[in-house]
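Student: Top line first, the protein sequences correspond to chains A, B, C, D and E.
Everything in the first sequence is counted per the working numbering, starting at 2 for the first residue and increasing by one.
Everything in the second sequence is counted per the working numbering, starting at 2 for the first residue and increasing by one.
Everything in the third sequence is counted per the working numbering, starting at 2 for the first residue and increasing by one.
Everything in the fourth sequence is counted per the working numbering, starting at 2 for the first residue and increasing by one.
Everything in the fifth sequence is counted per the working numbering, starting at 2 for the first residue and increasing by one.
Even for Gly, the Cβ is constructed at its ideal location relative to N, Cα and C.
The structure displayed is predicted, hence computed values, not measured ones.
Structure below; questions to follow.
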Amino acid sequence: MARFLKDRTKTQGAAPGSLIFIGQQKIARRTVRVIQYSTDSVKESAPDSVDKIRACVADGHITWVNIAGLHDTEFIARLGKAFNVSPLILEDIVNTDQRPRFSEETEHLHVIAKAFRVSDGDYKVQMEQISIIVGEHYLLTFQESDNDRFDDVRKRIREGKTRIRSFGPDYLCYALLDTLVDSYILNLEKLGAAIEEEGKKIFAAETNTIKEIYHFKTELSYIRKNVRPFKEITTRFLNCDSPIVNSRTYTYLRDLDDLVLQAQEAIEIYYTMVSDQINMFQTNVSNKSNDVMKVLTIFSTIFIPLTFIAGIYGMNFDHMPELHYRPAYFILWGVMALVTAAMLLFFKRKKWL
Amino acid sequence: MARFLKDRTKTQGAAPGSLIFIGQQKIARRTVRVIQYSTDSVKESAPDSVDKIRACVADGHITWVNIAGLHDTEFIARLGKAFNVSPLILEDIVNTDQRPRFSEETEHLHVIAKAFRVSDGDYKVQMEQISIIVGEHYLLTFQESDNDRFDDVRKRIREGKTRIRSFGPDYLCYALLDTLVDSYILNLEKLGAAIEEEGKKIFAAETNTIKEIYHFKTELSYIRKNVRPFKEITTRFLNCDSPIVNSRTYTYLRDLDDLVLQAQEAIEIYYTMVSDQINMFQTNVSNKSNDVMKVLTIFSTIFIPLTFIAGIYGMNFDHMPELHYRPAYFILWGVMALVTAAMLLFFKRKKWL
Amino acid sequence: MARFLKDRTKTQGAAPGSLIFIGQQKIARRTVRVIQYSTDSVKESAPDSVDKIRACVADGHITWVNIAGLHDTEFIARLGKAFNVSPLILEDIVNTDQRPRFSEETEHLHVIAKAFRVSDGDYKVQMEQISIIVGEHYLLTFQESDNDRFDDVRKRIREGKTRIRSFGPDYLCYALLDTLVDSYILNLEKLGAAIEEEGKKIFAAETNTIKEIYHFKTELSYIRKNVRPFKEITTRFLNCDSPIVNSRTYTYLRDLDDLVLQAQEAIEIYYTMVSDQINMFQTNVSNKSNDVMKVLTIFSTIFIPLTFIAGIYGMNFDHMPELHYRPAYFILWGVMALVTAAMLLFFKRKKWL
Amino acid sequence: MARFLKDRTKTQGAAPGSLIFIGQQKIARRTVRVIQYSTDSVKESAPDSVDKIRACVADGHITWVNIAGLHDTEFIARLGKAFNVSPLILEDIVNTDQRPRFSEETEHLHVIAKAFRVSDGDYKVQMEQISIIVGEHYLLTFQESDNDRFDDVRKRIREGKTRIRSFGPDYLCYALLDTLVDSYILNLEKLGAAIEEEGKKIFAAETNTIKEIYHFKTELSYIRKNVRPFKEITTRFLNCDSPIVNSRTYTYLRDLDDLVLQAQEAIEIYYTMVSDQINMFQTNVSNKSNDVMKVLTIFSTIFIPLTFIAGIYGMNFDHMPELHYRPAYFILWGVMALVTAAMLLFFKRKKWL
Amino acid sequence: MARFLKDRTKTQGAAPGSLIFIGQQKIARRTVRVIQYSTDSVKESAPDSVDKIRACVADGHITWVNIAGLHDTEFIARLGKAFNVSPLILEDIVNTDQRPRFSEETEHLHVIAKAFRVSDGDYKVQMEQISIIVGEHYLLTFQESDNDRFDDVRKRIREGKTRIRSFGPDYLCYALLDTLVDSYILNLEKLGAAIEEEGKKIFAAETNTIKEIYHFKTELSYIRKNVRPFKEITTRFLNCDSPIVNSRTYTYLRDLDDLVLQAQEAIEIYYTMVSDQINMFQTNVSNKSNDVMKVLTIFSTIFIPLTFIAGIYGMNFDHMPELHYRPAYFILWGVMALVTAAMLLFFKRKKWL
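Structure follows, in structure tokens:
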């Protein structure tokens with residue numbers, strides 16, 4: 002199966018707006034977590050039906066509904082209807098191969114983004130699609146699996162020390178995106194450290210090194226594909242004039258925009274670095290081959306003439322005058338020493354020794 | 002014959018607006034399929050003359066006329082006249098080497114696009130030109146061959162469950178283009194899976210692998226050439242203010258625009274991937290050569306001095322004192338063992354072993 | 002002499018507007034051909050003086066004057082004066098190393114373009130500068146040699162079947178440019194077919210192939226240099242609001258613009274293809290070297306130890322017990338067979354066999 | 002640890018605006034230096050509390066406060082509060098991994114820039130973050146360590162000969178940035194001289210050379226990453242219409258803008274040069290390998306046949322007629338001389354000698 | 002010393018506007034040449050003080066003052082003061098490492114450009130900075146050395162045949178810049194001819210060729226760095242609305258703009274050509290190595306087995322039945338011939354022969 006484009010045969014021929022889950026199911030059953038907060042209070046719950054979720058949203062707090070697990074498309078369809086979300090957007094939420102993007106609807110802002118995690122031993126990138134729908138008093142997040150990605154934000158809401166409780170869902174959306182981009186940079190730092198580490202090994206020119214470097218390059222391409230469009234999200238978020246976005250939030254969005262730029266520059270720098278490493282590796286392999294060849298050539302060109310001389314006097318001709326000359330054997334050793342010295346001088350001059 | 006540019010010697014010297022079919026005839030005889038629909042009813046027919054087609058269009062339904070086979074240029078000229086299509090556009094319909102594009106005429110919208118299919122065994126790309134003319138109550142499609150490309154759309158029209166029956170020919174045009182781009186992504190997914198699969202073989206550095214990879218690169222260039230201008234189609238479609246385009250359709254067009262972008266990014270990513278694979282292959286070949294050379298050098302440099310020593314004592318000089326010294330032969334074995342050990346140590350140090 | 006920039010030592014120190022012919026004289030004597038036409042009639046003549054040309058232009062028809070041969074700068078200076086053409090433009094007409102461009106003067110439009118032809122056997126590109134001056138009722142063309150480049154246009158004027166006779170000199174200018182771009186595509190198709198053909202040979206990695214490919218790359222660079230600025234011509238032509246350009250002509254110019262784009266994309270695609278071929282060729286050479294080396298290594302590493310063993314028992318020591326052991330010789334053959342088998346197994350494992 | 006992205010695990014999960022120092026502490030204790038000046042007088046002091054600093058600023062002079070050492074985040078938080086600096090900006094000051102940027106606040110201009118120094122022996126780049134806050138009558142600078150970077154500016158203030166004393170803090174900010182960019186060019190000149198010097202060694206193709214060149218490339222990437230965004234600073238500085246910036250300063254800023262451009266072009270040129278050197282090095286290694294191989298081939302192909310002939314007449318067959326033919330040995334020497342001559346001729350023709 | 006960036010240690014710490022000469026002094030003493038002209042008359046002189054120069058300018062002619070030699074910074078400072086030139090501009094005139102640029106001051110236009118000359122034998126580029134200050138009735142030029150660069154312009158002024166005498170200093174400035182760009186193209190033609198000539202040698206793959214090509218690449222980078230910003234000069238000149246520029250001059254400036262574009266395209270084309278040549282050279286080296294290896298392999302693999310066979314029958318075992326079989330020796334020759342034939346067939350099949 003291709004990794005850069007997911008298999009879409011299931012969606013073939015479906016009308017636009019059909020809800021078909023694409024991707025691997027990463028969780029056994031869908032879970033719903035709701036957090037409701039205002040400047041004064043925080044409530045958490047786990048409602049199990051669309052009606053109960055609807056009820057939470059209606060009670061005056063700011064409500065954040067987190068849905069983990071996207072395979073239950075029917076549930077998502079009902080939820081979408083309850084919140085008046087357009088079918089085209091619902092389709093994108095469950096089709097987990099979407100490009101990151103920001104779109105402004107009449108009642109909502111809609112964000113599709115990617116979260117990724119670089120695994121520890123083998124530096125493999127795990128990608129997950131995160132969809133966010135921002136309404137006037139609520140925010141819905143859709144994740145493929147139930148994880149601790151947004152726990153820091155929850156903690157900040159619960160503790161209530163920071164400004165998050167006094168802002169609206171637009172700031173919550175910013176906080177979630179900020180958490181994502183922060184995690185991009187953390188994970189890039191991890192991958193980058195590995196790349197810089199690997200770079201020190203390229204002069205040894207071992208086969209494993211090149212495999213690692215190539216692996217890093219593929220992973221970086223994969224990250225780049227999914228992170229690059231994030232810049233469009235922040236740009237459009239900054240330029241949207243929806244009443245949902247409070248003017249106080251713009252300062253934070255500009256900060257986020259800068260962070261995204263930094264993440265992207267890091268990706269480009271590591272990508273260039275990896276390309277350079279591959280190029281350098283190749284140079285080193287050539288260099289090594291050259292060394293090997295020199296050793297072969299030096300040994301061969303010294304001993305081949307000597308062996309030839311020995312071969313001559315190993316011949317069995319009846320009439321070979323040198324054979325009967327008493328000091329001949331010792332003279333021969335002398336000749337051989339001379340030949341060897343000449344060859345060594347020759348290599349010295351060529352700077353091979 | 003060149004594949005990236007079709008032979009145009011037939012059009013040489015022809016005045017602009019002359020109808021000359023360029024390309025291979027892919028179908029024995031032209032076929033015409035008409036589908037007429039409104040919110041309530043669907044009619045299908047296969048009229049065999051321009052007058053009958055004209056009659057269909059006049060009866061109050063939305064009428065989709067599909068012409069398969071473009072070699073009968075005279076028929077297309079008459080049809081064009083009946084629908085008031087400019088000769089320059091008719092010329093482009095039969096000249097199947099046109100760049101994809103969108104143009105807005107007084108009475109029509111005109112789209113030229115490409116459909117392609119990646120064949121199964123050998124991953125060859127088959128390209129076909131699709132032309133669409135959108136009028137106020139009708140839509141004409143021109144294909145090079147009669148195939149099932151748009152059957153899913155026909156099915157949706159027949160079944161009438163989705164919104165297609167309640168929208169105009171502008172939405173039908175969108176639906177057809179959406180089907181094309183969906184098929185781009187499906188076929189790219191197929192090609193991409195093959196490319197990613199091939200990528201796993203590059204460390205073996207076998208000749209067949211490089212042939213395959215080069216083939217993929219050529220096919221991707223071919224796809225890119227024909228898909229890249231599609232972005233201009235969606236952009237111009239979105240920006241055109243023809244009365245033919247209903248404002249409700251824009252949401253769908255924006256979705257299509259995003260899909261095209263995704264297809265293009267996929268092409269670029271696979272193109273880069275294939276370039277990297279070629280580069281990596283080359284590195285691996287160098288690496289293998291290096292290994293081969295090491296084996297040769299180790300063997301040669303160990304045995305060449307030994308053979309020389311053996312050669313020395315194979316000489317037939319009358320006076321060679323060592324020959325008559327009883328333990329000489331065994332001492333020689335010792336010397337040879339020492340030389341070998343020294344060489345092995347040398348290679349060990351150089352990390353060749 | 003440089004081909005990409007012509008020798009300009011002759012113009013050194015000359016004041017701007019000096020008429021100095023640069024390039025090779027391609028024709029023995031200058032020829033002038035005049036075609037005059039209106040909706041009803043066509044007249045052809047070959048006047049030999051500036052006055053006669055002036056007279057032709059004055060008689061109410063649309064007049065196309067074609068001058069072949071630019072070395073007679075004095076004639077061109079007089080002609081320029083008669084038609085009120087600025088000296089800077091005349092300078093550019095005879096300096097055949099100009100960049101293609103479109104400029105709008107008070108009384109004229111002025112176009113400099115390049116025509117090229119790919120020769121048959123050796124695929125060499127011959128470039129020629131074409132200058133066009135479009136006035137209100139006349140059009141002047143300047144060519145370096147007298148050839149059949151525009152004969153198709155003349156034929157269409159004579160036959161009078163197409164719209165050319167009812168349009169003005171702006172359409173004639175379009176028709177000439179269209180003929181040029183058509184010939185670009187035809188010649189690119191020719192070169193492209195040769196390139197694609199050559200591409201099939203790269204896996205054989207023969208020296209001739211790389212020479213051919215490199216030749217194609219140079220020719221493509223040369224074409225690109227001269228064709229790339231053509232896009233500016235069509236863009237400026239489309240944007241100029243000179244009274245000389247009839248609004249009916251714009252539709253045709255837009256078509257031409259698209260054709261130029263197609264020619265440029267073809268150049269880029271073939272350029273990339275040739276670059277890929279060179280890269281691929283290099284990979285194949287490395288691959289072949291690897292194969293050669295494997296053969297050498299296999300033979301050497303099998304026979305070198307065997308030869309050493311044979312050398313041992315060719316020594317003449319008085320005391321070598323094995324020599325007198327009767328089955329020793331046959332045992333030795335056995336040992337050698339074992340060594341060979343071991344080596345073959347070793348190569349089998351390394352996948353060199 | 003990655004060098005291109007600093008480890009941010011400490012900031013993980015922190016709310017935006019939290020002050021967390023990132024980077025290595027480069028100084029034992031924070032130092033504060035204050036210089037106050039007007040057209041007539043200069044005062045210098047080293048206040049040790051926020052209140053004293055506040056007091057300095059209030060006394061009618063232009064006050065420049067330089068803080069060296071950023072690990073004392075609490076002090077910076079208090080200072081920030083005293084000067085009404087937004088927490089997001091304070092966060093960026095202590096997080097020393099920020100992209101260079103210019104931002105305009107209600108009361109301040111805020112600049113983040115990088116200073117770097119190329120070390121002498123090993124050409125390693127040391128990067129330091131410099132933050133500047135420009136208020137109406139004061140300017141704050143934040144450095145990671147206490148160094149002589151801005152001593153030239155201090156000297157000019159003390160001497161009072163130049164225009165610096167009669168301008169405001171906006172000009173002081175320009176002077177500091179100008180000092181930074183001047184030092185960029187000085188350090189690039191140093192690195193560039195080393196690169197150009199190394200370039201002369203590439204034809205010797207020694208392993209150390211490639212290591213050096215690769216080192217230079219990495220350092221240049223690192224510089225580029227930190228200098229490239231500087232252009233945005235000057236552009237935004239020029240376009241800001243804050244009352245803090247006096248119109249007289251714009252001429253100087255335009256000059257600075259040009260200097261930044263020159264620094265960036267120098268980086269690009271050296272980057273290209275280093276890439277070319279790597280490429281050229283690789284070509285030279287191949288060239289050397291080719292030479293080594295030629296020597297091996299010439300020696301081997303001359304002596305291998307000769308040794309074979311000697312081997313033939315070393316055989317012990319009872320019946321070998323040549324052995325008993327008296328002049329055979331001398332004839333054999335002749336044959337060998339002929340073979341050698343033939344081989345030499347062959348190599349001569351191949352231009353290997 | 003770095004060539005791409007001149008050593009600026011002398012300017013370190015200097016205030017903006019300080020006049021410090023950077024570069025090599027190319028002339029023993031400064032010379033001043035003044036030419037004064039109007040439609041009717043021409044006067045030439047060589048005043049030796051700022052006052053005399055000032056006096057020349059005041060007398061109603063158009064006055065062109067040419068200063069050669071920039072090391073006398075004090076003189077330039079006084080001259081600048083006399084003509085009201087800003088210190089920042091004077092600083093740039095004597096700092097000969099400036100980027101080419103055009104700036105518009107209240108009383109002057111100011112141009113910094115580069116002149117270069119490709120030396121004959123070794124194709125080294127000599128660069129010189131030319132500064133021009135255009136006032137209402139005068140023009141100042143600053144050169145590093147006293148040469149014949151502008152003699153053609155002087156000649157045209159003296160002869161008075163062309164339009165130069167009837168135009169103002171703006172046209173003179175254009176004429177000087179035109180002379181510079183003409184010389185760019187002439188020198189590029191020279192370098193280009195050498196590059197194209199060198200290109201014919203790359204298939205021989207000799208070490209000198211690659212050195213030459215690399216030299217050309219460096220020189221082209223150097224030219225590019227100094228010529229590329231010239232386009233900004235013509236663009237800004239065309240867009241400036243200073244009263245100093247007469248509207249009649251714009252036609253000429255547009256022509257110049259085109260010439261600059263041609264020079265830049267030539268640089269890019271030759272740069273690409275040189276890069277291709279390096280790449281091609283590398284391919285040819287690999288190809289040659291392959292040929293060398295084939296010769297080695299063919300010889301070795303034929304003779305190594307034969308030598309082994311000869312070795313076998315050179316052994317001294319008491320019991321070797323073949324030795325006593327009378328026709329054995331001749332049979333052996335047959336076997337050897339067979340082995341050789343088999344090997345040759347093998348190589349034939351592999352297409353190595």
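1. Taking the straight line between their C-alpha atoms, what separation do you get for PRO306 (chain C) and ILE279 (chain A)?
2. Going along chain D in order, which residues have a C-beta closer than 8 Å to the C-beta of ALA311 (chain E)?
3. When the cut-off is 8 Å and only beta carbons count, does ASP8 (chain A) lie next to chain B?
4. Is the CB of MET337 (chain B) under 8 Å away from at least one CB in chain A?
5. Residues in the same chain with beta-carbon distance under 6 Å from ARG166 (chain B), minus the five sequence neighbours each way, listed in chain order, please.
6. Tell whether a beta-carbon distance below 8 Å holds between TRP353 (chain B) and ILE299 (chain B).
7. Scan the region 102 to 136 of chain D for residues whose Cβ lies nearer than 7 Å to a Cβ of chain E and list them as they occur along the chain.
8. Assign VAL336 (chain C) to one of two classes, buried (16 or more other C-beta atoms within 10 Å of its C-beta) or exposed (fewer than that).
9. For ARG100 (chain C) and MET128 (chain C), what's the separation of their Cα atoms in angstroms?
10. On the DSSP letters alone, give me the boundaries of the alpha helix (DSSP H) that ALA116 (chain B) sits inside.
11. Using a Cβ-Cβ cut-off of less than 7 Å, give me the residues of the region 208 to 224 of chain D that come near chain A, in sequence order.
12. Can you tell me whether GLY193 (chain A) is buried or exposed, with buried defined as 16 or more other CB within 10 angstroms of its CB?
13. In three-state terms, what does DSSP make of VAL33 (chain C)?
14. Keeping to the same chain, check which residues put their C-beta closer than 7 Å to that of ARG118 (chain B); ignore five residues upstream and five downstream.
15. What residues in the region 161 to 173 of chain A have a beta carbon less than 9 Å from any beta carbon of chain D?
16. State buried or exposed for ASP171 (chain E), treating a residue as buried only when at least 16 other CB atoms are found within 10 Å of its CB.
17. When the Cα atoms are used, what is the spatial distance from VAL359 (chain D) to THR250 (chain D)?
18. Please report the straight-line C-alpha distance between THR163 (chain A) and LEU141 (chain A), rounded to a whole angstrom.
19. Helix, strand or coil: how does DSSP classify MET128 (chain B) here?
20. So which of A:THR97, A:ALA47, A:GLY24, A:THR74 has the shortest CA-CA distance to ASN67 (chain A)?
21. Under the rule that 16 or more other beta-carbon atoms within 10 Å means buried, what is TRP65 (chain C), buried or exposed?
22. According to DSSP, is SER42 (chain A) helix, strand or coil?
23. Alpha carbons only, please: which of A:THR341, A:ASP49, A:VAL35 is nearest the one belonging to ASP152 (chain A)?
24. Which word fits TYR175 (chain B), buried or exposed, when buried means at least 16 other C-beta atoms lie within 10 angstroms of its C-beta?
Tutor: Well, looking at it:
1. Residue mapping note: residue 306 (chain C) aligns to position 305 of the third sequence, counting from 1. Residue mapping note: residue 279 (chain A) aligns to position 278 of the first sequence, counting from 1. So the two alpha carbons sit approximately 38 Å from each other.
2. The count along the fifth sequence starts at 1 and reaches residue 311 (chain E) at position 310. Those within 8 Å of ALA311 (chain E) in chain D are PHE309, GLY312, ILE313, GLY315, MET316.
3. What you label residue 8 (chain A) is simply residue 7 of the first sequence in a count that begins at 1. Yes, its Cβ sits closer than 8 Å to a Cβ of chain B.
4. Walking along the second sequence from the start, residue 337 (chain B) turns up at place 336. False, the Cβ-Cβ gap to chain A never drops below 8 Å.
5. What you label residue 166 (chain B) is simply residue 165 of the second sequence in a count that begins at 1. Correct list, in chain order: TYR38, THR40.
6. In the second sequence, the residue the question calls residue 353 (chain B) occupies position 352. In the second sequence, the residue the question calls residue 299 (chain B) occupies position 298. For TRP353 (chain B) and ILE299 (chain B), yes; Cβs fall inside 8 Å.
7. none
8. As a position in the third sequence, residue 336 (chain C) is number 335, starting the count at 1. VAL336 (chain C) comes out exposed.
9. Indexing the third sequence from 1 puts residue 100 (chain C) at position 99. Indexing the third sequence from 1 puts residue 128 (chain C) at position 127. Distance between the alpha carbons of ARG100 (chain C) and MET128 (chain C): 12 Å.
10. What you label residue 116 (chain B) is simply residue 115 of the second sequence in a count that begins at 1. Premise fails: ALA116 (chain B) lies in the beta strand (DSSP E), 110 to 119, not in any alpha helix (DSSP H).
11. THR208, ILE211, LYS212, TYR215, LYS218, SER222
12. Translated into positions along the first sequence, residue 193 (chain A) becomes position 192. So GLY193 (chain A) counts as buried.
13. Here the question's residue 33 (chain C) lines up with position 32 in the third sequence. VAL33 (chain C) falls in the strand class under three-state DSSP.
14. As a position in the second sequence, residue 118 (chain B) is number 117, starting the count at 1. So the list reads GLN127, ASN188, once near-sequence residues are dropped.
15. LYS162, THR163, ARG164, ILE165
16. In the fifth sequence, the residue the question calls residue 171 (chain E) occupies position 170. With 16 or more other Cβ atoms within 10 Å, it is buried.
17. Outside the displayed span of chain D (2 to 354) sits residue 359 (chain D), for which this structure offers no information.
18. Working through the first sequence from its first residue, we reach residue 163 (chain A) at position 162. Working through the first sequence from its first residue, we reach residue 141 (chain A) at position 140. Spanning the two alpha carbons is a distance of roughly 22 Å.
19. Residue numbering aside, residue 128 (chain B) sits at position 127 when the second sequence is read from its first letter. Strand.
20. One-based indexing of the first sequence puts residue 67 (chain A) at position 66. Comparing Cα positions, the closest option is A:ALA47.
21. Here residue 65 (chain C) refers to the residue found at position 64 of the third sequence. Counting Cβ neighbours within 10 Å, TRP65 (chain C) comes out buried, since at least 16 surround it.
22. Indexing the first sequence from 1 puts residue 42 (chain A) at position 41. Looking at SER42 (chain A) - three-state DSSP - the assignment turns out to be coil, as it is neither helix nor strand.
23. Start at 1 with the first residue of the first sequence, and residue 152 (chain A) comes out as number 151. Selected option, being the one with the closest Cα: A:VAL35.
24. Against the second sequence, residue 175 (chain B) aligns to sequence position 174. TYR175 (chain B) is buried by the Cβ-count criterion.
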